[in-house]
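Written out below as structure tokens is the structure these notes cover.
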């Protein structure tokens, strides 16, 4: 009797959260699947068209170009974030005052909004008033201020620089945590064996932080595949839509062209890609819990 | 270029690290090595702070100087005119700040109200299919909320929730709930069962045990949930852009997109940087005050 009572009390505590997720995640999800098979538009329509939107998406050059652009962005920025993140983690793992301050300062932009940091960097990159341009000219890297946002590759470079500044600390802090759990005796043992610093990094620290690195990589890659703010605010898709990301293209279709059915089909395609990544992430996290 | 410029600096320890090992000491213990690491740290701090410092300096220039071509690094005259123009922008800065704050506090309330009982139930009660329910609650972690914005927009239109604080707070709660539930479950599991049993023996029912005995013990978890809910909600952009389409219901990040195009379609750079500074200050302050909670929360959410 007590156990049954207990169950009811437990369900009562769990109920509100479950209800919230059912109403605001699973119901919209079912709607998303339904709408993706209609020609629904804010301007009318709404016939059931089965998989027409999906077939259209696969033939849509703009969809593929935005998807490949997002993939390119992810494939470039993730190794930069993880590589520098790892090197910085090596530098700031110790707990001495100056090192701790450095760690705190590198991590600080992580708490700043991506929208705010994008507005800051769009100004730094501006060809007329941008101080980064001026700095690059003053130290002799550039001859004259660059127009960063009228070519897709330059715009991409500018966005990557700004996002690296903003989120570098995230991967770094995860790897610092991984490094701090390494048993010091293992490291000292390798030192007695005469391993040089970089041998130690390569054969001891790197393998023992591989799970942290993998997790940081996945979280970071998923975030990059969902990039929107930085491109919406910095490049605005320019030039000629060459810097539309997947989410940007979905936003554009759903909320600018009002093609809700098509936007939903694109959302589902993106969601499947993301779910594969997220499932991998959760699998690694769960394996870590048992270990 | 900033990122690439750091390469030679970071690679530097390579050469000298060997001399540290030569004396069989951990890196950074030998004197030249310590100086080098110190110099590297100061270089990195400068690199990371420069954009923020330049933005702040631009915000206190006179509006003319902030838009001067070519630009100056340092202001020649100090002025609060840029802040005044953000303060009086359209409906007034306070409208947007209070929208952001109100939404953020609703998100905190929703996250705590849902995740604290759910975490308690998951940690302490013998519920059938418990792990399935737990995974259902975490499922929205796998479904990108950006993909749900279209159906949510349709749902909110029907429910009259577009352009409302509650509507946007719901979107932000969807985003933040999995982490909150996860963290609260861990917090409750960290409390020894004996504490609760003692309370029950003393005549508390489970509600009283939760309120009087357990809540104070899981307070650090609740602080972390609130902290993340606030920072996420204050900064979130695409949800706010979709849900809040009316000028007077904009949050601060959405308002900034308007400031950047300026009143006469001319870029008002000084005002934009003043707006950036205003939007950054709460996050940086909270981070400086509660850094420990923030970093440990991030790690428990990401790594464990």
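Residue numbers (the working numbering), protein chains in the order written: chain W, 28 to 318; chain F, 7 to 310. Every residue gets a Cβ at the ideal spot worked out from N, C-alpha and C, and that includes glycine.
query, result
"Counterpart residues of residue 78 of chain W in DSSP-defined beta bridges", "None; residue 78 of chain W has no bridge partner."
"Inter-residue Cα distance where the pair is residue 251 of chain W and residue 94 of chain W", "12 Å"
"Beta carbon proximity, residue 199 of chain W to chain A, threshold 8 Å", "No chain A is present in this structure, whose protein chains are W and F."
"Buried or exposed (CB count within 10 angstroms, at least 16 for buried), residue 82 of chain F", "exposed"
"Residue 255 of chain W and residue 272 of chain W closer than 8 Å at C-beta", "yes"
"C-beta atoms of residue 204 of chain F and residue 113 of chain F nearer than 8 Å", "no"
"Residue-level contact to chain F via CB, residue 143 of chain W, 8 Å cutoff", "yes"
"Residues that residue 79 of chain W contacts on chain F, provided the C-beta gap is smaller than 7 Å", "Here the premise fails: no neighbours, minimum Cβ distance about 17 Å."
"Test: residue 284 of chain W CB closer than 8 Å to a CB of chain F", "no"
"Cα-Cα separation between residue 148 of chain F and residue 300 of chain W, rounded to whole angstroms", "10 Å"
"DSSP three-state assignment for residue 73 of chain F, whether helix, strand or coil", "coil"
"Buried or exposed (CB count within 10 angstroms, at least 16 for buried), residue 77 of chain F", "buried"
"Of the residues W/262, W/240 and W/253, the one placed nearest residue 305 of chain F, counting alpha carbons only", "W/240"
"Residue-chain proximity (residue 154 of chain F, chain W), Cβ-Cβ < 8 Å", "yes"
"Close Cβ partners of residue 14 of chain F (< 8 Å) along its chain, the five nearest in sequence each way excluded", "Because residue 14 of chain F sits at a pLDDT of 33, beneath the cut-off of 50, its placement in the model cannot be relied upon, and the following sentence gives the value as read from the coordinates. Nothing listed; no residue qualifies."
"8 Å Cβ cutoff, residue 233 of chain W in contact with chain F", "no"
"Residue burial classification, residue 153 of chain W (beta-carbon count within 10 angstroms, cutoff 16)", "buried"
"Alpha-carbon to alpha-carbon, residue 129 of chain F and residue 291 of chain W", "37 Å"
"Residue 68 of chain W (DSSP reduced to helix, strand or coil)", "strand"
"Euclidean distance between Cα positions of residue 311 of chain W and residue 303 of chain W", "13 Å"
"Distance, residue 207 of chain W Cα to residue 117 of chain F Cα", "31 Å"
"Where residue 201 of chain F falls, given that 16 or more other Cβ within 10 Å makes a residue buried", "exposed"
"Under 8 Å between C-beta atoms of residue 145 of chain W and residue 260 of chain W", "yes"
"For residue 44 of chain W and residue 143 of chain F, believed in contact at Cβ under 8 Å, the rounded distance", "6 Å"
"Bounding residues of the alpha helix (DSSP H) (the contiguous stretch that carries residue 199 of chain W)", "179-207"
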